[in-house]
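Just so you know, the protein sequences line up as chains A and B, in that order.
One point on numbering: in the UniProt record's numbering, the residue at position 217 of the first sequence is 217, and numbering is uninterrupted.
One point on numbering: in the UniProt record's numbering, the residue at position 322 of the second sequence is 322, and numbering is uninterrupted.
To keep things clear, I will list the structure first and then write my remarks on it.
Number of protein chains: 2
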Amino acid sequence: MTGPGQVRVLCLTPNPAWDVTYGVDRLDPGEALRVRSVAARAGGKGVNVARVVRALGGDSVAVAPVGGLLAPAFAADLEAAGQPASLVPVAGALRQAVAVVPEHAGPDDGGHPTVLNEPGAVLSEEEWGLLVRTAVARAADRPVVTISGSLPPGTTQARFTDLVRSLREAGCPVHADVSGPGLLWAAEAGADLIKPNRAELAEATGTHDLTQGVAALQALGARDVVVTDGEKGLAAFAPGSTAPAARARLDAPVHGNPTGAGDAAMAALAVSVGRPWAERLALTVATSAAAVLQPVAGEVDPEDVRRLADRVLTENVNDTPRTTED
Amino acid sequence: MTGPGQVRVLCLTPNPAWDVTYGVDRLDPGEALRVRSVAARAGGKGVNVARVVRALGGDSVAVAPVGGLLAPAFAADLEAAGQPASLVPVAGALRQAVAVVPEHAGPDDGGHPTVLNEPGAVLSEEEWGLLVRTAVARAADRPVVTISGSLPPGTTQARFTDLVRSLREAGCPVHADVSGPGLLWAAEAGADLIKPNRAELAEATGTHDLTQGVAALQALGARDVVVTDGEKGLAAFAPGSTAPAARARLDAPVHGNPTGAGDAAMAALAVSVGRPWAERLALTVATSAAAVLQPVAGEVDPEDVRRLADRVLTENVNDTPRTTED
Numbered sequence: 001m002t003g004p005g006q007v008r009v010l011c012l013t014p015n016p017a018w019d020v021t022y023g024v025d026r027l028d029p030g031e032a033l034r035v036r037s038v039a040a041r042a043g044g045k046g047v048n049v050a051r052v053v054r055a056l057g058g059d060s061v062a063v064a065p066v067g068g069l070l071a072p073a074f075a076a077d078l079e080a081a082g083q084p085a086s087l088v089p090v091a092g093a094l095r096q097a098v099a100v101v102p103e104h105a106g107p108d109d110g111g112h113p114t115v116l117n118e119p120g121a122v123l124s125e126e127e128w129g130l131l132v133r134t135a136v137a138r139a140a141d142r143p144v145v146t147i148s149g150s151l152p153p154g155t156t157q158a159r160f161t162d163l164v165r166s167l168r169e170a171g172c173p174v175h176a177d178v179s180g181p182g183l184l185w186a187a188e189a190g191a192d193l194i195k196p197n198r199a200e201l202a203e204a205t206g207t208h209d210l211t212q213g214v215a216a217l218q219a220l221g222a223r224d225v226v227v228t229d230g231e232k233g234l235a236a237f238a239p240g241s242t243a244p245a246a247r248a249r250l251d252a253p254v255h256g257n258p259t260g261a262g263d264a265a266m267a268a269l270a271v272s273v274g275r276p277w278a279e280r281l282a283l284t285v286a287t288s289a290a291a292v293l294q295p296v297a298g299e300v301d302p303e304d305v306r307r308l309a310d311r312v313l314t315e316n317v318n319d320t321p322r323t324t325e326d
Numbered sequence: 001m002t003g004p005g006q007v008r009v010l011c012l013t014p015n016p017a018w019d020v021t022y023g024v025d026r027l028d029p030g031e032a033l034r035v036r037s038v039a040a041r042a043g044g045k046g047v048n049v050a051r052v053v054r055a056l057g058g059d060s061v062a063v064a065p066v067g068g069l070l071a072p073a074f075a076a077d078l079e080a081a082g083q084p085a086s087l088v089p090v091a092g093a094l095r096q097a098v099a100v101v102p103e104h105a106g107p108d109d110g111g112h113p114t115v116l117n118e119p120g121a122v123l124s125e126e127e128w129g130l131l132v133r134t135a136v137a138r139a140a141d142r143p144v145v146t147i148s149g150s151l152p153p154g155t156t157q158a159r160f161t162d163l164v165r166s167l168r169e170a171g172c173p174v175h176a177d178v179s180g181p182g183l184l185w186a187a188e189a190g191a192d193l194i195k196p197n198r199a200e201l202a203e204a205t206g207t208h209d210l211t212q213g214v215a216a217l218q219a220l221g222a223r224d225v226v227v228t229d230g231e232k233g234l235a236a237f238a239p240g241s242t243a244p245a246a247r248a249r250l251d252a253p254v255h256g257n258p259t260g261a262g263d264a265a266m267a268a269l270a271v272s273v274g275r276p277w278a279e280r281l282a283l284t285v286a287t288s289a290a291a292v293l294q295p296v297a298g299e300v301d302p303e304d305v306r307r308l309a310d311r312v313l314t315e316n317v318n319d320t321p322r323t324t325e326d
């Protein structure tokens, strides 16, 4: 575990959300359903990363563009949670992400939540520039920077590249866990670490083959690539080799809510920069699994992380003793 | 059609909502769905009634308790729509009602919207009193008062009775279209008109038999009872008789969105107080059907109302020439 104050992480959420959870008896499609319980909080993958960084003993600041009716609630929620933040005021309205969580399985959902994700507000050129400058200003102490989640509608490769490059030029390692075209843009922009899951890798590169997918990202300019594969664990690839530097997985699967596992992985990778890959991946597997045990994303119990770390298997280690951020 | 300014209706929504509509490709339960379009507006059955009253040429004021983050949006939306309103400030947060409208039919919804209704905020004793006093104050010109929709959690029969009686004592006819126990409370409180549909009547009285159900409401104290039955039309019952004073239906069904039909009916009944039942029901059928032709609740095209009025069949009329509000 990292000691308090030792690792600083700036967690950027380009397309944050107000996360609303509706508890219903059953999801009966085509009907009017009574919502039994309503919970709401500041959401977005980078917010989850920031929370887990602090649970792991690091310091984090959440950076996100917010505007509209829900912006005050977003800010108030982070403050109440003790989450330092720099929120960039923008004109467009913060989006909602509504998770409908059934008490009982419906005809078609197997009891799984149905999530309704609004697209989010478009940022103007000025607003994107303000977001970049705000992140750079908060990065004066050269933290690790994570960029997580979807990109707002209208985000161009030029904008995203400007974000990544400005932060790297400020001396920060930049880790990206972005969906859609952003994964390729992150590779091309020279992000220090990108973390696709197998599905994202296949969708972005057009191949289901792990080695070929990693090679494709490396050909674009990717540096470290960590590929996650659910219960099968993760593999880390350093530049110049499609043979993994290290792999790790849990000895047996844990069961629970996997929605925050990827963000927990990002937090662990961020706080462990500079350590050997085997150690980084062990922490990442343990933290990810600990997140699965929590009912909501963005939470881990440090005790679970410690306990699960003993269950991590590292395999086929071709260890690069130091990672490229050194 | 009523002439402008001739009929004034105060439309109360005890449990208003911020109506959000999400357009999705398909409702795939248990998945993360991209919302393609987001629309939002002030909602609640009384708001719909108020809008239709104005479409019919009457004057309406919407009265509702609102608080929390969405209250400013609710107020702004009514203002932008040119809807006069008296909004009562309360501590609890205005609820959302989220309609998920699929472009294509999903595995179980037949293409119909799935609506997620939050329960709404509890009103304190003081807040309920302020709601009653505000309604009475806006009723100085003795408008027809409609009370529509669900009642907030925690509403007691005593509170509801106080509302109905205070307005009747102020000289206003009170029409109620409330769900759940409110229907029986409205009957007991002596509301001048109650408007259940067949399902609501059966649920409240425990019998599917129309005559017995009406008799049960009359036994509690109901005055005029108008029972709606979808395509089958409506029947009006005056106190003291379980034989309908009049019935009316459209010659053939119209197709579209029936969600606002009941509120349109309330508007028509409100603006036609004092006219013979056959005329009232004809306007009500025509307005209801015109509402079905609109994609959203709370809208009617006056031209459609006029045109559909020619298609109304009044049957088995045992006309009480004047209704009891005279």
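Quick reminder that beta carbons are idealized off the backbone N, C-alpha and C, glycines included.
Run down chain A in chain order and give the residues with a C-beta less than 8 Å from the C-beta of Arg34 of chain B. Along the second sequence, one-based indexing puts residue 34 of chain B at 34. Chain A residues near Arg34 of chain B: Asn117, Pro119.
Identify every residue that forms a DSSP beta bridge with Glu200 of chain B. Against the second sequence, residue 200 of chain B aligns to sequence position 200. Looking at the DSSP assignment, Glu200 of chain B forms no beta bridge with any residue, so it has no partner.
Quick check: what's the CA-CA separation for Thr205 of chain A versus Gly298 of chain A? Translated into positions along the first sequence, residue 205 of chain A becomes position 205. Translated into positions along the first sequence, residue 298 of chain A becomes position 298. So the alpha carbons of these two residues sit roughly 29 Å apart.
Please report the residue range of the alpha helix (DSSP H) in which Glu127 of chain A lies. For the purposes of this step, residue 127 of chain A is taken as residue 127 along the first sequence, with counting starting at 1. First-last of the alpha helix (DSSP H) with Glu127 of chain A: 125 to 138.
Based on the DSSP output, what are the partners of Gln218 of chain B in its beta bridges? Numbered from its first residue, the second sequence carries residue 218 of chain B at position 218. Gln218 of chain B pairs with nothing; no bridge assigned.
Do you know how far the Cα of Leu283 of chain A is from the Cα of Arg306 of chain A? The sequence position of residue 306 of chain A within the first sequence is 306, counting from 1. The sequence position of residue 283 of chain A within the first sequence is 283, counting from 1. About 9 Å.
Is the CB of Ala17 of chain B under 8 Å away from at least one CB in chain A? Working through the second sequence from its first residue, we reach residue 17 of chain B at position 17. Ala17 of chain B does not count as touching chain A.
Proximity winner among A:Trp18, A:Gly67, A:Val47, A:Cys172, relative to Ser124 of chain A (alpha-carbon distances): The residue you call residue 124 of chain A lines up with position 124 of the first sequence. The shortest Cα separation from Ser124 of chain A among A:Trp18, A:Gly67, A:Val47, A:Cys172 belongs to A:Gly67.
List the residues of chain A that His104 of chain B touches, going by C-beta distances under 9 Å, in chain order. Within the second sequence, the letter at position 104 stands for residue 104 of chain B. By Cβ distance, chain A contributes nothing, its closest Cβ being about 13 Å from His104 of chain B, past 9 Å.
Classify Arg142 of chain A as helix, strand or coil using the three-state DSSP reduction. Counting from one through the first sequence, the residue named residue 142 of chain A turns up at place 142. Coil, per DSSP.
As an exercise, report each continuous alpha helix (DSSP H) stretch of at least 4 residues that is fully enclosed by the stretch 20 to 84 of chain B, in chain order. 45 to 55, 71 to 80
Which residues of the stretch 296 to 316 of chain B have a Cβ closer than 9 Å to any Cβ of chain A? Give them in chain order. none
N-terminal and C-terminal residue of the alpha helix (DSSP H) that Val292 of chain A is part of: Against the first sequence, residue 292 of chain A aligns to sequence position 292. That run of the alpha helix (DSSP H) goes 277 to 292.
According to a CB-to-CB cut-off of less than 7 Å, which residues of the stretch 29 to 54 of chain A neighbour chain B? Pro29, Gly30, Glu31, Ala32, Leu33, Arg34, Val35, Val38
Closer than 8 Å between beta carbons: that is the criterion. Which residues of the stretch 66 to 79 of chain A meet it against chain B? Leu69, Leu70, Pro72, Ala73
May I ask which residues mark the beginning and end of the alpha helix (DSSP H) holding Arg159 of chain A? Here residue 159 of chain A is taken as the residue at index 159 of the first sequence, counted from 1. Its alpha helix (DSSP H) spans residues 157 to 169.
Taking the beta carbon of Pro239 of chain A as the centre, do at least 16 other beta carbons fall within 10 Å, making it buried, or is it exposed? Stepping through the first sequence from its first residue, residue 239 of chain A is reached at position 239. The residue is exposed, with fewer than 16 neighbouring Cβ atoms inside 10 Å.
Between Ala97 of chain A and Ala62 of chain A, is the Cβ-Cβ spacing less than 8 Å? For this step, residue 97 of chain A is matched to residue 97 along the first sequence. For this step, residue 62 of chain A is matched to residue 62 along the first sequence. Result no, Cβ atoms of Ala97 of chain A and Ala62 of chain A do not sit closer than 8 Å.
Using a threshold of 8 Å, state whether the C-beta atoms of Ala216 of chain A and Thr228 of chain A are closer than that. For the purposes of this step, residue 216 of chain A is identified with residue 216 of the first sequence, where counting begins at 1. For the purposes of this step, residue 228 of chain A is identified with residue 228 of the first sequence, where counting begins at 1. In this structure, Thr228 of chain A does not lie closer than 8 Å to Ala216 of chain A by Cβ.
Would a check of beta-carbon distances place Gly110 of chain B closer than 8 Å to chain A? Here residue 110 of chain B refers to the residue found at position 110 of the second sequence. At least one chain A Cβ lies under 8 Å of Gly110 of chain B.
Counting contacts by CB-CB distance shorter than 8 Å, is Thr114 of chain A in contact with chain B? Within the first sequence, the letter at position 114 stands for residue 114 of chain A. Interface residue, yes.
Taking only the alpha-carbon atoms, compute the straight-line gap between Ala286 of chain A and Ala248 of chain A and give it to the nearest angstrom. Sequence index remark: in the first sequence, residue 286 of chain A carries index 286 (1-based). Sequence index remark: in the first sequence, residue 248 of chain A carries index 248 (1-based). In a straight line, the C-alpha of Ala286 of chain A is about 10 Å away from that of Ala248 of chain A.
For a cutoff of 8 Å on Cβ pairs, would you count Val292 of chain A as touching chain B? Here residue 292 of chain A refers to the residue found at position 292 of the first sequence. Answer no: the Cβ-Cβ gap between Val292 of chain A and chain B never drops below 8 Å.
Around the Cβ of Pro153 of chain A, are there at least 16 other Cβ atoms within 10 angstroms (buried) or fewer (exposed)? For this step, residue 153 of chain A is matched to residue 153 along the first sequence. Label assigned to Pro153 of chain A: exposed.
Note down, in chain order, every chain B residue with its Cβ under 7 Å from the Cβ of Pro107 of chain A. Start at 1 with the first residue of the first sequence, and residue 107 of chain A comes out as number 107. Per Cβ cutoff of 7 Å: Asp108.
Consider the Cβ of Leu27 of chain A: report whether some Cβ of chain B lies at a distance smaller than 8 Å. The residue given as residue 27 of chain A occupies position 27 in the first sequence. Taking Cβ atoms only, chain B reaches closer than 8 Å to Leu27 of chain A, which makes this a yes.
Under the three-state reduction of DSSP, which class applies to Gly3 of chain A: helix, strand or coil? Start at 1 with the first residue of the first sequence, and residue 3 of chain A comes out as number 3. The pLDDT assigned to Gly3 of chain A is 49, lower than 50, so where the model puts this residue is not dependable; a value taken from the coordinates is nonetheless given after this. Coil at Gly3 of chain A, not helix or strand.
In angstroms, rounded to a whole number, what distance separates the CA positions of Thr320 of chain B and Val38 of chain A? Position 320 of the second sequence, counted from the first residue, corresponds to residue 320 of chain B. Position 38 of the first sequence, counted from the first residue, corresponds to residue 38 of chain A. Confidence is the limiting factor: at Thr320 of chain B the pLDDT is only 48, short of 50, which leaves the residue's position unreliable and the question unanswerable from this model.
Gly213 of chain A: buried (16+ other C-beta within 10 angstroms of its C-beta) or exposed? Here residue 213 of chain A corresponds to residue number 213 of the first sequence, with the count starting at 1. With 16 or more Cβ atoms within 10 Å of its Cβ, Gly213 of chain A is classed as buried.
Nonlocal neighbours in the same chain, by C-beta distance under 7 Å from Ala186 of chain A, ignoring five residues either side: Counting from 1 along the first sequence, the entry for residue 186 of chain A is found at position 186. The answer, listed in chain order, is Val164, Ala176, Val178, Ile194.
Please list the partners that Val98 of chain B has in chain A, where partner means a Cβ-to-Cβ separation under 7 Å. Within the second sequence, numbered from 1, the residue matching residue 98 of chain B stands at position 98. Here the neighbours are Val98.
Please state the DSSP three-state secondary structure of Asp263 of chain A. Here the question's residue 263 of chain A lines up with position 263 in the first sequence. In this structure, Asp263 of chain A counts as helix in the three-state DSSP scheme.
For Glu31 of chain B and Thr114 of chain A, believed in contact at Cβ under 8 Å, the rounded distance: One-based indexing of the first sequence puts residue 114 of chain A at position 114. One-based indexing of the second sequence puts residue 31 of chain B at position 31. Indeed they touch by this definition, with Cβ atoms about 6 Å apart.
Using 8 Å as the Cβ pair cut-off and three pairs as the minimum, do the stretch 120 to 137 of chain A and the stretch 39 to 54 of chain A touch? no
Helix, strand or coil: which one does DSSP assign to Glu325 of chain B? For this step, residue 325 of chain B is matched to residue 325 along the second sequence. With a pLDDT of only 49 at Glu325 of chain B, under 50, the local geometry of the prediction cannot be trusted, and the value read off the model is given with reservation. DSSP places Glu325 of chain B in coil when its eight states are reduced to three.
Short of 7 Å in beta carbon distance, which residues of its chain neighbour Leu130 of chain B, apart from the five on each side in sequence? Order them along the chain. One-based indexing of the second sequence puts residue 130 of chain B at position 130. Excluding positions up to five away in sequence, the list reads Val88.
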